[in-house]
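This report refers to the structure that appears directly beneath it.
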Amino acid sequence: MCGIALIVSGIRIDTSSLPFDSTTATPTRKSEKLLFSLDDLKEALRRRGPDSFGAKKVLLQLLGQNGVSSFTVEEDGDAADGAIETAKLHFFGATLQLRGINPLVQPLTDASGNVLVYNGEIFGGLHLASDCNDAEFLLQTLGECCSCGSCATDRCVECGKSSIAGVLSAIKGPWAIIYWQDSSRTLWFGRDAFGRRSLLVHWPTVDDSTFLLSSVSPVSPVQQASEYEDHNGIGCLSYWEELPCGIYSVHVDASKTSGYLVGEVKIHEYTNSMLNELIKWERISVEPSSEDLHTFCHKLSLGQHAKHQPSSEAVPNKTGSIQPAIPMPAHILLNALKESVLRRTSMYTVYQAVISGIRQEKFFPVAILFSGGLDSMILAALLDKCMDPSYEIDLLNVSFDGQLAPDRKSAKAGLNELRRVAPSRKWRLVEIDADLSDLVFETSHVMSLINPANTYMDLNIGIALWLAAGGDGWVSDANTYDNDGNHVRIKYKSNAKILLVGSGADEQCAGYGRHRTSYRRGSWLGLHEEMRLDMQRIWRRNLGRDDRCIADNGKEVMLKVDKKSVWTYPLLINFFFSFSFLFCFYFSFRLDFHSWMRML
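Residue numbering for the sequence shown follows the UniProt record's numbering, starting at 1 and increasing by one per position.
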């Protein structure tokens with residue numbers, strides 16, 4: 001995970017062409033003075049990227065009718081020959097490096113004057129070697145792109161070069177980017193189609209012309225308690241907002257009517273048609289037929305019968321051959337999930353393993369945010385099949401009610417089941433205990449992380465994620481007992497850099513109670529509309545917030561639904577079938593977890 005930011009001053013930014021409201025709350029001042037210090041911003045970014053930090057400036061000079069010149073300098077540098085800049089683009093980059101074999105410091109620059117800060121991963125779409133760093137590869141690829149800025153396809157029809165929008169649309173994996181293309185004097189920025197990496201924006205206003213982008217909101221000296229007293233008792237700091245998913249550009253030029261630098265924000269469509277279909281979240285079929293319902297009821301009765309058999313691992317068909325009890329659509333989805341976990345865990349470990357070898361440390365690459373529920377149990381099963389058996393796996397469990405919390409009880413039950421079906425793996429349940437009434441400093445800190453989210457639910461989820469990602473808890477010593485015969489707990493801190501999280505599964509698979517309400521009120525169409533709304537706003541309500549809370553601990557978050565095929569497959573089959581196989585998926589998983597593990 002990385003922390004990236006940009007502060008733009010001296011350019012009159014026009015946002016009138018954006019298809020959404022880009023007006024922040026109007027400040028009372030008329031200046032470019034920040035609400036926070038640069039040191040606060042740098043510290044917030046460093047927590048996300050503990051391996052390295054850097055800053056660079058692009059200084060722009062207005063040359064009258066001759067246009068604009070630019071200079072890229074170090075943070076404390078000045079323009080050439082002592083000239084005074086008209087405008088400034090201040091880039092910041094903090095890096096948690098998980099790929100490549102050589103240390104990396106952002107922002108990255110090339111011989112053409114291009115500047116890149118990148119927070120993301122490339123798991124496909126663009127072809128890079130397993131030991132290659134994503135950001136370095138992306139800088140090289142973007143440097144070969146067309147500079148006309150008007151290409152609406154993968155390649156420019158005039159010069160034949162790739163377009164920047166085409167390159168970004170091709171990336172398979174989560175990403176957020178800020179890129180300066182020097183040849184065209186164009187600033188590019190954006191997020192992937194579901195907003196899996198945070199990027200906040202402060203749009204310029206009449207009274208405040210500063211334009212800012214940042215992975216996270218730094219703690220501001222003006223954030224007093226009184227500011228949190230309005231909405232739900234938490235408040236709404238409207239200086240920042242989530243940048244809507246998309247690819248944006250600002251071409252900087254000299255104004256023809258005044259002595260200013262100006263730039264209009266334009267939004268570009270993803271050139272990948274599949275991404276555009278995903279954004280619409282339309283299914284090929286919503287309403288089930290009477291035949292569909294009859295087929296499902298028949299399969300359900302067979303499942304209930306299998307429940308009382310010695311094993312549901314396999315059932316004979318009419319020819320006498322043995323067929324897996326897992327429904328075929330569920331099996332396809334399971335394989336897509338497994339491929340996603342395998343590809344990501346294998347690529348992530350290269351750089352950190354090298355560093356661990358240098359430091360003579362034992363390397364634990366991956367941990368799971370673990371409740372013992374269906375999502376986290378599936379993740380644990382998948383991870384067990386994808387990682388070398390010598391690696392231990394940390395299961396991070398947060399409780400605000402000690403051993404009595406339902407999630408703690410289900411986590412312990414899940415741990416026992418994992419040990420039963422995968423005895424060669426060392427599973428470590430990390431019990432992270434907290435009392436909300438004692439978390440005064442932590443609450444204040446998490447408030448800045450969830451910003452611009454601002455409800456009690458956001459705060460409670462944010463605190464739980466932040467504590468879990470910290471990995472600071474207790475583990476039971478299997479060989480030591482106290483006077484009551486219980487295992488003695490010893491202090492432990494997980495050093496895993498990659499965290500697997502089930503975020504997005506409830507939205508995609510109708511896991512909330514309101515989904516049941518939507519079905520009762522509007523049948524299948526009502527449920528479909530509710531789920532589509534969930535998926536189209538998940539970038540604003542969930543994923544950006546979760547990214548900020550987890551990454552603040554210098555950890556990389558990997559979502560269960562991080563692979564495009566995992567997002568798309570349920571849309572490509574009948575809506576009713578998607579729920580029938582998900583039901584069977586859940587039913588057969590709970591019925592015989594051991595059989596599921598053998599199927600992986």
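Positions of the beta carbon are idealized from the N, C-alpha and C atoms, including for glycine.
What is the C-beta distance between residue i and residue j, in whole angstroms, given that I count them as a contact (C-beta under 8 Å)?
i	j	result
Leu60	Val68	6 Å
Leu543	Arg48	Contact flag wrong, Cβ pair sits at about 15 Å.
residue 603	Asp433	The chain is shown only over 1 to 600; residue 603 falls outside these bounds and no answer can be derived.
Leu168	Ile177	7 Å
Leu500	Ile368	5 Å
Trp466	Glu431	In fact, because the Cβ distance is near 16 Å, the residues do not count as touching under 8 Å.
Asp192	Cys245	7 Å
Glu136	Leu108	7 Å
Ser210	Ile7	For the record, residue 210 in the displayed sequence is Thr; it is not Ser. 7 Å between Cβ atoms; contact.
Glu442	Ile463	7 Å
Val265	Val250	5 Å
Asp394	Ala496	6 Å
Glu556	Met535	At roughly 23 Å, the Cβ-Cβ gap does not stay under 8 Å, so Glu556 and Met535 are not in contact.
Ile11	Gly263	5 Å
Leu200	Glu242	6 Å
Gly54	Val105	4 Å
Asp407	Asn397	7 Å
Tyr270	Phe189	About 14 Å separates the two Cβ atoms, so there is no contact after all.
Lys88	Ser9	5 Å
Leu138	Tyr118	6 Å
Arg344	Phe123	6 Å
Cys2	Ala94	6 Å
residue 617	Val446	With the chain covering 1 to 600 only, the question about residue 617 has no answer from this structure.
Leu63	Gly259	At roughly 11 Å, the Cβ-Cβ gap does not stay under 8 Å, so Leu63 and Gly259 are not in contact.
Using the rule of at least 16 other Cβ atoms within 10 Å of the residue's Cβ for burial, across every protein chain shown, is residue i buried or exposed?
i	result
Ile450	buried
Thr517	exposed
Phe92	buried
Gln403	exposed
Asp388	exposed
residue 603	Outside the shown range of the chain, which is 1 to 600, sits residue 603, and nothing can be said about it.
Arg545	buried
Pro174	buried
Val366	buried
Phe20	exposed
Thr86	buried
residue 620	Nothing about residue 620 can be reported from this structure: the residues present for the chain run from 1 to 600 only.
Glu121	buried
Cys159	exposed
Glu229	Per-residue confidence for Glu229 stands at a pLDDT of 43, beneath the threshold of 50, marking its modelled position as unreliable; the derived number appears in the next sentence. Per the 10 Å Cβ criterion, exposed.
Thr186	buried
Leu382	buried
Gly233	Low confidence applies to Gly233: its pLDDT is 44, below 50, so where it sits in the model is not reliable enough to give any reading.
Asp552	buried
Lys57	buried
Met558	buried
List the residues that DSSP assigns as beta-bridge partners of residue i.
i	result
Phe370	Partner(s): none; Phe370 has no beta bridge.
Phe71	Leu59
Pro50	Thr95
Ile13	Gly263
Leu212	Ile7, His202
Tyr493	In the sequence as displayed, the identity of residue 493 is Lys instead of Tyr. Paired residues: Asp472.
Tyr519	Answer is none; Tyr519 lacks a bridge partner.
Ala505	Answer by DSSP bridge pairing: none, since Ala505 is not bridged.
Met558	Leu500
Ser249	Trp188, Lys266
Tyr118	Ile177
Glu241	Val201
Ala254	Leu261
Gly511	In DSSP, Gly511 forms no bridge with anything.
Cys2	Thr95
Gly124	Lys172
Under a CB-based cut-off of 9 Å, is residue i close to chain B?
i	result
Ser258	No chain B is part of this structure, which consists of one protein chain only.
Exercise. Any contact of the region 137-155 with the region 372-390, i.e. 3+ C-beta pairs under 8 Å?
Worked result: no
For this session: Give a yes or no on contact between the region 516-532 and the region 179-195, applying the rule of three or more CB pairs nearer than 8 Å.
Result: Segments in contact, no.
For this session: For the region 209-216 and the region 38-48, state whether three or more C-beta atom pairs, one from each stretch, are separated by less than 8 Å.
Result: yes
For this session: Jot down the residue ranges of each uninterrupted beta strand (DSSP E) in the region 145-188, minimum 3 residues, whole runs only, in chain order.
Result: 175-181
Exercise. If you scan the region 378-463 from start to end, which runs of the beta strand (DSSP E) of 3 or more residues do you find wholly inside it?
Worked result: 393-399, 427-433
Exercise. For the region 87-115, which segments carrying the beta strand (DSSP E) assignment without a break, of at least 3 residues, lie completely within its bounds, in sequence order?
Worked result: 87-95
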